[in-house]
Amino acid sequence: MSLAEVLKSGNYHLIDVREPMELEMDGEIEGAENIPLGEVEDRKEEILSIEKPVVLFCRSGNRSGKALDFLESQGLKEGYNGGGWAELKAHLEATKGTF
């Protein structure tokens, strides 16, 4: 399944790997869980236990890509790099009500 298909389905868990200060300064996506990149390794069991596809995002897609690589190496079955938060938020808002 592609990222677009997962987002359209509405069945996913969003994880924002930015730092809390970035959320305060730049904004956030409603419903996303904040797990900063520096905490991903310590919280891997929590993330790996999520029973939905996991969509990770950050400011540009770089940190979420690193988090995804790590989680996949630890056994994450269905993970996606959602890229930058602003683009992902715009995509989610554009597809609301279409599924």
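Those letters in the sequence shown? Residues 10 to 108, by the numbering used here.
The C-beta atom is built at its ideal place from N, Cα and C for all residues, glycine as well.
Three-state secondary structure (DSSP) of residue i
i	result
N20	coil
V26	coil
E37	coil
L85	coil
E50	coil
E60	coil
G70	coil
Best match in the options for proximity to residue i [C-alpha to C-alpha]
i	options	result
I56	A76, C67 and E37	A76
E54	G40, L80 and L32	L80
Y21	D35, I59, L32 and G70	I59
D51	Q83, I38 and A99	Q83
M34	L12, L23 and R68	R68
N90	L23, E28 and S18	L23
E102	K17, E28, D78 and P29	K17
Cβ-Cβ distance between residue i and residue j below 8 Å
i	j	result
L65	V26	yes
V15	P62	yes
G92	G70	yes
Local Cβ density within 10 Å of residue i, reported as buried at 16 or more and exposed below that
i	result
G88	buried
R72	buried
A41	buried
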